[in-house]
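Note sheet for the following structure.
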Amino acid sequence: MTAMQPERFAAMGTRVELHLFGSDDRGALLAARRAIEAVDDALTIHRPSATTALNECLMAGRPCRINDPVLLDALVEIEEAYAATYGLFDPAADAARPGAGWNMISFDRDDARIEALRPVALDFGGFGKGFALDRACDVLRAAGVASAFLCAGESSIAVVGEHPLGGGWPVAVPHPLQPEGVLAEVELCDEALSISSTVGAGTAAPERAAMIRPTDTSVVTVPRTTVAIDRSGARAEVMSTALLVADDDRAGRLLDCGQARRFLFDFSREAAMPVQPGEMALQ
Amino acid sequence: MTDKDFDLTRRAFIDGVLKATAAAGMAAAAPWAISAAGAEPAAGDRVRLGVIGTGDRGRTLIRNILKTRNCTVTAICDDYAPHLAKARALVSPATRAFADHRAMLDAGGLDAIVIATPLNVHAAHALDSFDAGLHVWCEKAMARTIADCTAMVKKSQDSRKVLQIGHQRMFHPTYLNALRRVKAGEIGPITQIRASWHRNTSWRRPVPPDSSDRRINWRLYRDVSAGLMTELATHQLQVGNWFLDAVPTRVIGSGSICFWKDGRDVYDHVALVYEYAGGRKFVYTSLLNNARYGCEEQIQGSKGTIEPELGRIYQEVPPKVLALQRMQEDVKRGHKRTVPIGGATWFPELPVTTPGDSLGWGEYDETMLQFEGFGEAVRSGKPLPGLLAQAYHASVASLLGEQAMDRGEAMTWPTDLVTV
Chain A
1 MTAMQPERFA AMGTRVELHL FGSDDRGALL AARRAIEAVD DALTIHRPSA
51 TTALNECLMA GRPCRINDPV LLDALVEIEE AYAATYGLFD PAADAARPGA
101 GWNMISFDRD DARIEALRPV ALDFGGFGKG FALDRACDVL RAAGVASAFL
151 CAGESSIAVV GEHPLGGGWP VAVPHPLQPE GVLAEVELCD EALSISSTVG
201 AGTAAPERAA MIRPTDTSVV TVPRTTVAID RSGARAEVMS TALLVADDDR
251 AGRLLDCGQA RRFLFDFSRE AAMPVQPGEM ALQ
Chain B
284 MTDKDFDLTR RAFIDGVLKA TAAAGMAAAA PWAISAAGAE PAAGDRVRLG
334 VIGTGDRGRT LIRNILKTRN CTVTAICDDY APHLAKARAL VSPATRAFAD
384 HRAMLDAGGL DAIVIATPLN VHAAHALDSF DAGLHVWCEK AMARTIADCT
434 AMVKKSQDSR KVLQIGHQRM FHPTYLNALR RVKAGEIGPI TQIRASWHRN
484 TSWRRPVPPD SSDRRINWRL YRDVSAGLMT ELATHQLQVG NWFLDAVPTR
534 VIGSGSICFW KDGRDVYDHV ALVYEYAGGR KFVYTSLLNN ARYGCEEQIQ
584 GSKGTIEPEL GRIYQEVPPK VLALQRMQED VKRGHKRTVP IGGATWFPEL
634 PVTTPGDSLG WGEYDETMLQ FEGFGEAVRS GKPLPGLLAQ AYHASVASLL
684 GEQAMDRGEA MTWPTDLVTV
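Protein chains in written order, with our numbering: chain A, 1 to 283; chain B, 284 to 703.
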């Protein structure tokens, strides 16, 4: 099985690796990288971008036209994600501005216009990684790539097609508190996986912002890890984030989702096992 | 801290220095540190030191000397009585005290002199000490003029006495470890160092009724000091020369009294570019009315950046995800295995591994290692290798920078320096 030299680079505030198998299309690999970098350029709030320009408008109380197509597509997905997570995924929530949130925003996707009833600013966080991986996967599929593994910071993974040796891609999510332990083993095929956690290596990094609960802007301290698998990387990100901050009722509804695979591990209890919808007793 | 705790702290510090200097290329890059850390201070009489200048810095040095295993303070000297009185409280009652350094030199009973006086008298005090047959440890910067720096080096060579200058970063485990990682190629060839020392302070100390502004605030006046260049930049210029393994070819710069228009005549803002062979640069700023960017050296190579004050290394290309590397190898071998991956998002910054904990004043620190090394150098009559050249070139670079700013023109590296 041929395996091209992987593409490894820094983007979205972390490291990204793109692995292609059964293909020697270097151009497709570079195009996938450019797709991720284009999302980074559009959604970052750490340097001037379409999002920082939008935030300036929203903070100043001015309506804004969205000219950047990547940002517009992201906002469309955000609007749907906000509804699908009962408001638990909210890129406008901010501990410094209690009450601010997506519910203050009026977004007209057809007219590409957005405005807010009060000052808000958007921070896409992990959503950006899943959204970027989706676009990179689209580029690879369009180029005829049949097998690829994409990874952004180890918490966001997307695969194209099957494993190069056939069947799904076997992935084991390590236990965040037990170095040799495994939290979950899953197989992926044309899917994305997102992991969110309040515990484990790296969660105490000084650069990492605290996870806040959009409903009351409190800091989430309960020791949890969540895993979401979805056809869409952006949706997987949204769901793993929402599960991390969900109360019992909403977590139950998010977990009881039919086709998609979602897991919530609550380490505040003695045995850290996936919580089933029928046995929600989290905090 | 108990004696046992102190011994453990000291041992951990020394181990850190030895570990950092054991790597390839470090023997030539930091021979002084290897020599100082590797030498177990011999038993026997302690090296007798006379300290000239017992202000804040002088008293800090005394505290460190008193914790070494091979040095002792035998005499102290200051022409300002309150400073002398504060120093007396630190040393044994048997320690002799003088108001005039010549009287201290004439009284004898010393092996070496420690100089912590205002910059413009470093050279005179050092030359007098050499004339008295003594070795010299002097605070950085070396002297107020390049000619005086050269005279100190020459006199030390002619009299065959040790001259050691205080540059604590040269003994600091974090810096040594950073240099080790540079030598290992982790950040690629260094092409630029961007350094700053920014403070938000007037740098002016209150003047007691029995003293004068000139005596207390000598750093603010040109006849005594080159201000930011000799008091702060010297440290970082030494780091620049050390990590670039060269001296500058020339320097351009701009200085101004931009904020503290209070009668001082040294710059409160300086900005300079030092050029090195091969197009490499050391870009430096220092100012006294904004502390946002503090004190740092950003050592920049093609593969990464090291910021030793923060103790961090940043890679341009992130390190490989080992699980994915293994997956690649598995697929090549036709072997399908589960990929163990996933957790909180990986962050790109990796800390420099700093041996030991932070060691502040009152415990073991690099200043003490300097003195233990100096003590052994005095006993053997052989200076710590490589140290004086580093210090000499750092002082010359700082004073050359001052000249570039004063004249508004590029200054080339002097050709008449003494070979150390």
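Backbone N, C-alpha and C fix where the C-beta goes; we use that ideal spot for every residue, glycine too.
For this session: Could you work out which residues of chain A lie near K603(B), taking near to mean beta carbons separated by less than 7 angstroms?
Result: R8
Exercise. Which bits of chain D does V173(A) rub up against, with CB to CB less than 9 angstroms?
Worked result: Annotation note: the requested chain D is absent from the structure, which comprises protein chains A and B.
Exercise. By a C-beta neighbour count over all protein chains shown, 10 Å radius and 16 as the cutoff for buried, is K423(B) buried or exposed?
Worked result: buried
For this session: Can you grab the Cα-Cα spacing for the pair Y675(B) / F131(A), in whole Å?
Result: 56 angstroms
Exercise. Hey, does K586(B) have any beta-carbon neighbour from chain A nearer than 8 angstroms?
Worked result: no
For this session: Answer yes or no: does any C-beta atom of chain B fall closer than 8 angstroms to that of F149(A)?
Result: yes
For this session: Check whether the Cβ of G577(B) lies closer than 8 angstroms to any Cβ atom in chain A.
Result: Interface residue (Cβ-Cβ distance to chain A less than 8 angstroms): G577(B) is not classified as such.
Problem set entry | Among I429(B), G308(B) and D389(B), the one whose alpha carbon lies nearest that of A406(B) | I429(B)
Exercise. Relative to chain B, which residues along the stretch 236-262 of chain A have a C-beta separation below 9 angstroms, given in chain order?
Worked result: none
Problem set entry | Coil, strand or helix - M387(B) by DSSP | helix
For this session: Using a Cβ-Cβ cut-off of 8 angstroms, state whether G333(B) counts as contacting chain A.
Result: no
Problem set entry | Alpha-carbon to alpha-carbon, A260(A) and T226(A) | 14 angstroms
Problem set entry | DSSP beta-bridge partners of Q673(B) | According to DSSP, Q673(B) bridges with nothing at all.
Problem set entry | Contacting residues, own chain, Cβ-Cβ under 8 angstroms from T198(A) (five flanking each side not counted) | M211, V220, T221, V222, P223, R224, T225 and L244
Exercise. Which stretch, first to last residue, makes up the beta strand (DSSP E) that contains F381(B)?
Worked result: Judged by DSSP secondary structure, F381(B) falls within the beta strand (DSSP E) whose first and last residues are R379 to F381.
Exercise. At which residues does the beta strand (DSSP E) containing T433(B) begin and terminate?
Worked result: T433(B) -> not in any beta strand (DSSP E); alpha helix (DSSP H) instead, spanning I429 to S442.
Problem set entry | Spatially closest choice to C64(A) from E115(A), A246(A), A148(A) and C257(A), by CA coordinates | E115(A)
For this session: State the Cα-Cα distance for the pair A152(A) and A228(A), rounded to the nearest angstrom.
Result: 15 angstroms
Exercise. Around the C-beta of V490(B), are 16 or more other C-beta atoms found within 10 angstroms, so that it is buried, or is it exposed?
Worked result: exposed
Problem set entry | Interface partners of L607(B) on chain A, CB under 8 angstroms | P6, E17, H19, F149 and C151
Exercise. Do the stretch 472-483 of chain B and the stretch 567-584 of chain B meet, that is, are 3 or more Cβ pairs less than 8 angstroms apart?
Worked result: yes
Problem set entry | Residues that DSSP places opposite L373(B) in a beta bridge | DSSP, once it has assigned bridges, lists no residue as partnering L373(B).
Exercise. Comparing alpha-carbon positions, which option in C189(A), A158(A), E154(A) and V173(A) lies nearest L165(A)?
Worked result: C189(A)
For this session: Look at the Cβ atom of D394(B), then the Cβ atom of L417(B), and state whether they are nearer than 8 angstroms.
Result: yes
Exercise. Going by other Cβ atoms of all chains shown within 10 Å of its Cβ, with 16 needed for buried, is W644(B) buried or exposed?
Worked result: Because the pLDDT of W644(B) is 37, which lies under 50, any placement of that residue in the model is unreliable, and the question is left without a value.
Exercise. Which residues in chain B sit within 9 angstroms of L165(A), going by Cβ to Cβ distance?
Worked result: D613, V614, G617, H618 and K619
For this session: Determine the DSSP secondary structure at F107(A), reduced to helix, strand or coil.
Result: F107(A) falls in the strand class under three-state DSSP.
For this session: In the DSSP assignment, find the unbroken alpha helix (DSSP H) run with W102(A) in it and report its ends.
Result: Segment: none, W102(A) is in no alpha helix (DSSP H) and carries neither H nor E.
Problem set entry | Which residues DSSP lists as bridging A189(A), in chain order | Note that residue 189(A) corresponds to Cys in the displayed sequence, not to Ala. Answer by DSSP bridge pairing: none, since C189(A) is not bridged.
Problem set entry | Residue of D298(B), Q598(B), L700(B) and P456(B) minimising C-alpha distance to A677(B) | The shortest Cα separation from A677(B) among D298(B), Q598(B), L700(B) and P456(B) belongs to L700(B).
Problem set entry | Inter-residue Cα distance where the pair is Y458(B) and F526(B) | 10 angstroms
Exercise. Beta-carbon of S268(A) versus every beta-carbon of chain B: anything under 8 angstroms?
Worked result: no
For this session: Throw me the rounded Cβ distance for the M704(B) and V553(B) pair, which I believe falls under 8 angstroms.
Result: For chain B, the structure presents residues 284 to 703; residue 704(B) sits outside this window and is missing.
For this session: Can you have a look at Y82(A) and say buried or exposed, based on whether 16 or more other CB atoms are within 10 angstroms of its CB?
Result: buried
Problem set entry | P376(B), buried or exposed, once every other Cβ within 10 Å from all chains shown has been counted against 16 | exposed
Exercise. Straight-line CA distance for E237(A) to R262(A)?
Worked result: Each residue's CA atom was taken as its position, placing E237(A) and R262(A) some 11 angstroms apart.
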